[in-house]
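Some notes on the structure that comes next.
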Amino acid sequence: MIKVLIISIYLGLLLFLGVFSSRLFKGTSKDYLLASHSIGPFLLLMSLFGTTMTGFALVGSTGEAFAEGVGVYGMLASSSGIIHSLCFFVLGVKLWSWGKKYGYTTQADFFRDRLESDKIGLVLVPILVGLVVPYLLVGVISAGKAIQGATSGDFPGLTESGAIPPWLTELVICVVVLVYVFFGGMRGTAWANTFQTLVFMILGVVAFYLIATSLAEKSVSEGRAHTLVDGERVVRTDPPTGLWDSLHIVSQEIPKARRVRAEVQLEDQIESVEAPPQFRTRERLDPWMFFTYMLIPFSVGMFPHLFQHWLTAKNGNAFKLPVVAHPIFILIVWIPCVLIGVWATTGLINIPPPIASDPNKVLGFMVKNLSGDVLGGFLLAGILAAIMSSLDSQFLCIGTMFTKDIVVHYGGEDRFTDRQIILISRGFIIAVVAITYFLSLTDIAQTRVFQLGIWCFSGFSSLFPLALLAVYWRGLSKWGAYAGVLTAAGVWFWLFRASEFGAIDNWSVNFTLGDRTIHTMPVATMFLASTVATVVVSLVTPKPSDATLAKFFPEKS
Amino acid sequence: MKYLVFGLILLLVVLHQDVWNWDNDRLVLGFVPYTLAYHGCISIAASVVWFLAARFAWPDHLEDESPAADRSTASSESHGGAA
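Here the protein sequences line up with chains G and D, keeping their order.
Sequential numbering of the first sequence, starting at 0, is according to numbering that gives the first Met the number 0.
Sequential numbering of the second sequence, starting at 0, is according to numbering that gives the first Met the number 0.
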């Protein structure tokens, strides 16, 4: 009950922040959607980072490390540190500059102007929305699963497992995010993101400390920790002396994972039992699969919500801090989560089969079992903070795209007052939240968060070549752009269907080279196909006018 | 300097494909699996390289291209040429 109270207070604070930021609202659509280009380096760093780190980063990474091992960090986190900042550097600053100069609000705004194509938005917007919705679901489902895992047994009679049911958590966070986005717009979102990013980073470190020290105490009390005395390993009896000592004790267990532990006796448990090394290495992972994973972080270059955040920057220099700090922030969030996921395989904490079979619940379960009610409540609030700091931007951007790219653009610029635009935008945001919530109640919610996220990011990544070419290649034509977008969407759907819509875990596109089978991530095929289609069609179709090219590629004096 | 920064990024991408670490199951500092420690260092190195980019290769000229344009003026300019 205390946990629920703490989470309720946290959600109340968020609502207050959203409503308070609405007092600074200038009443214009530019202020509602872009915070009047007023966001400085620190808020930009926190909002960009908070937006890119979602339930996928906390709940998903812990669960995936539990299922697949420590290799998950190299697959997505260290590569993201390189690639995300690259996207901010090569795309973000340039698009911010053009956005401020020419008044763009959305990606379709930019592509229409750059390609001299009024209809490109009709193709691009539905595809972007279609890809953002699964991303939203990743967040909503993560929240439901994490709270379900963390409150298991706390509310006997409420559900069969005595946990808060996912539908209730999902409803509450959808409503809270809706309220502060509704009132606060982009400014409220940036503030809430900053607040929430601080919360989940601090509480993440606290969770790591608590879980490490608790597991170490268990290891010693169960007689499983060992120490070296005169060169021989003996069972350790003295308690852990702090975080560093605890980390050593717990990580001794990593090579002896739970999957074999159940088959051996207590006396076998020091040194003599070797678990499959996959949990501490990348055994069984095809290096080609690992290499092609690196294309997934390019999704950041085409996330519509990040594009909108880029445009909020006060000036170009505001990007410097996010570009430099982003890789370190990723490290601070991901390494503890991955270690927690791997520690969960050691058997120091008994993960019951219903939790083990649904890795999304692992983090919540460990928080529940290794911390008291008060701290558990704070830690759960931290998990929700990470999730909601992405949901808000995504809700806002979808509302913006429908309003600006469809209703206002095709309905007529002069047909609506600024006040009406805000009203329409808010109406769409409510609709998107409602659709997301109802989708979270379907069977899609049973998909592993990590897998669903990978498919979603792969779609955005396959659109990255279009963004890069639009910014740096004079030869890009509108027909090339159409070809690239439609190829990306077509190949994505074809491969997604082949994977039984994400139901087959770790599905890959395979090629045979001699007697060897090379496994690649589906994103590689999509990325390559989209690039080839865009370039080839652009080469044989008319380019934009000289005036447009001069506008985007002025002669250097 | 810009080319040096992009060269370092390329080097990071190559170092990221650490096939030589694939089966290394040692623990670094007694508690971090080797592959996790290695890729943690890649993250730190990325931050250093991006610091160099921000310090020595930042596209400052974009500020000059972006006077605080009035939204309505800019919008009409933009959409006028987009049809």
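C-beta: ideal position from N, C-alpha, C; glycine also.
For residue i, I'd like the list of residues in its chain whose CB is within less than 8 angstroms of its CB, leaving aside the five on either flank, ordered along the chain.
i: I434 (chain G); result: V132
i: V122 (chain G); result: Y481, V484, L485
i: Y33 (chain D); result: N20, N23, D24, R25, L26, V27
i: S218 (chain G); result: A224, I248, V249, Q251, E252, L347
i: W49 (chain D); result: none
Nearest to residue i by CA position, among the options, is which residue?
i: S21 (chain G); options: G:I421, G:L123, G:R496; result: G:I421
i: D285 (chain G); options: D:N20, D:L11, D:F5, D:V4; result: D:N20
i: T402 (chain G); options: G:I423, G:F318, G:F181; result: G:I423
i: C173 (chain G); options: G:L485, G:G138, G:F154; result: G:G138
i: L47 (chain G); options: G:L57, G:V128, G:A324, G:L214; result: G:A324
i: A145 (chain G); options: G:T291, G:S356, G:L362; result: G:L362
i: L16 (chain G); options: G:C455, G:A107, G:N192, G:F364; result: G:N192
i: E115 (chain G); options: G:S544, G:P553, G:E554, G:F552; result: G:S544
i: Y510 (chain G); options: G:D504, G:H518, G:I503; result: In the sequence as presented, Tyr is not what sits at residue 510 (chain G); that position holds Phe. That would be G:H518, whose Cα lies nearest to the Cα of F510 (chain G).
i: K367 (chain G); options: G:G513, G:L209, G:T168, G:P464; result: G:L209
i: A312 (chain G); options: G:T51, G:K93, G:A532, G:A546; result: G:K93
i: I386 (chain G); options: G:T53, G:W243, G:L548; result: G:T53
i: D391 (chain G); options: G:T441, G:L374, G:D372, G:P303; result: G:P303
i: V18 (chain G); options: G:S7, G:S77, G:F110, G:M185; result: G:M185
i: L10 (chain D); options: D:H60, D:L61, D:A45, D:W57; result: D:A45
i: F290 (chain G); options: D:G39, D:V12, D:I8, D:V4; result: D:V12
i: F492 (chain G); options: G:S476, G:L475, G:L374, G:S461; result: G:S461
Only counting the same chain, and skipping five residues up and downstream in sequence, which positions put a Cβ closer than 6 angstroms to that of residue i?
i: S498 (chain G); result: W506
i: R281 (chain G); result: G70
i: L538 (chain G); result: none
i: V322 (chain G); result: S84, F87, F88
i: L43 (chain G); result: A312, A317, P321
Counting along the chain, where does the beta strand (DSSP E) carrying residue i start and finish?
i: L227 (chain G); result: 225-228
i: H308 (chain G); result: Here H308 (chain G) belongs to no beta strand (DSSP E); instead the alpha helix (DSSP H) covers 303-310.
i: V510 (chain G); result: In the sequence on display, residue 510 (chain G) carries Phe and not Val. Its beta strand (DSSP E) spans residues 508-512.
i: T516 (chain G); result: 515-519
i: E599 (chain G); result: Here chain G has residues from 0 to 556 only, and residue 599 (chain G) is not among them.
Give every residue of the same chain whose Cβ lies closer than 7 angstroms to the Cβ of residue i, excluding the five residues on either side of it in the sequence, and list them in chain order.
i: E270 (chain G); result: With a pLDDT of 48 at E270 (chain G), under the threshold of 50, the predicted position of this residue should be treated as unreliable, though the coordinate-derived value follows. The answer, listed in chain order, is R232.
i: G27 (chain G); result: Position check: residue 27 (chain G) holds Thr in this sequence, whereas Gly was assumed. So the list reads D417, once near-sequence residues are dropped.
i: L136 (chain G); result: T435, L438, S439, I443, L451
i: G161 (chain G); result: S151, G152, D153, F154, P155
i: D17 (chain D); result: Y37
i: V58 (chain G); result: S141, K144, A145, N359, L362, I382, V448
Alpha helix (DSSP H) containing residue i: first to last residue?
i: E63 (chain G); result: 60-67
i: M74 (chain G); result: First-last for M74 (chain G): undefined, no H or E at that position.
i: F552 (chain G); result: It is not in any alpha helix (DSSP H) - F552 (chain G) carries neither H nor E in the DSSP assignment.
i: I253 (chain G); result: Neither: I253 (chain G) is in no alpha helix (DSSP H) and is coded neither H nor E.
i: Q16 (chain D); result: Run containing Q16 (chain D): none; DSSP gives neither H nor E here.
i: N192 (chain G); result: 165-220
i: H36 (chain G); result: Note, H36 (chain G): premise wrong, no alpha helix (DSSP H); not H, not E.
i: D417 (chain G); result: 417-439
i: T399 (chain G); result: 372-399
i: V0 (chain D); result: Note that residue 0 (chain D) is Met in the sequence shown, not Val. Neither: M0 (chain D) is in no alpha helix (DSSP H) and is coded neither H nor E.
i: A497 (chain G); result: 477-497
i: A469 (chain G); result: 463-471
i: L157 (chain G); result: Here L157 (chain G) belongs to no alpha helix (DSSP H), and DSSP marks it neither H nor E.
i: I1 (chain G); result: 1-20
i: L28 (chain D); result: It is not in any alpha helix (DSSP H) - L28 (chain D) carries neither H nor E in the DSSP assignment.
i: Y134 (chain G); result: 119-149
i: G98 (chain G); result: 92-101
Taking C-beta to C-beta, are residue i and residue j nearer than 8 angstroms?
i: G479 (chain G); j: V407 (chain G); result: no
i: K360 (chain G); j: T150 (chain G); result: no
i: L294 (chain G); j: M520 (chain G); result: yes
i: F558 (chain G); j: F87 (chain G); result: The structure shown does not extend to residue 558 (chain G), since chain G is modelled only from 0 through 556, so no value can be given for it.
i: W342 (chain G); j: V249 (chain G); result: yes
i: Y179 (chain G); j: L320 (chain G); result: no
i: C455 (chain G); j: S60 (chain G); result: no
i: M400 (chain G); j: A107 (chain G); result: yes
i: G340 (chain G); j: E63 (chain G); result: yes
i: A466 (chain G); j: M288 (chain G); result: no
i: T158 (chain G); j: A142 (chain G); result: no
i: L10 (chain G); j: V198 (chain G); result: no
i: G148 (chain G); j: I354 (chain G); result: yes
i: V124 (chain G); j: I350 (chain G); result: no
i: S370 (chain G); j: H15 (chain D); result: no
i: G39 (chain D); j: I334 (chain G); result: yes
- request: Inspect the CB distances between the stretch 100-110 of chain G and the stretch 372-388 of chain G and report whether three or more fall short of 8 angstroms.
  value: Segment contact: the stretch 100-110 of chain G against the stretch 372-388 of chain G, fewer than three CB-CB distances shorter than 8 angstroms; contact not assigned.
Cβ pair count under 8 angstroms reaching 3, the stretch 76-95 of chain G against the stretch 37-54 of chain D: yes
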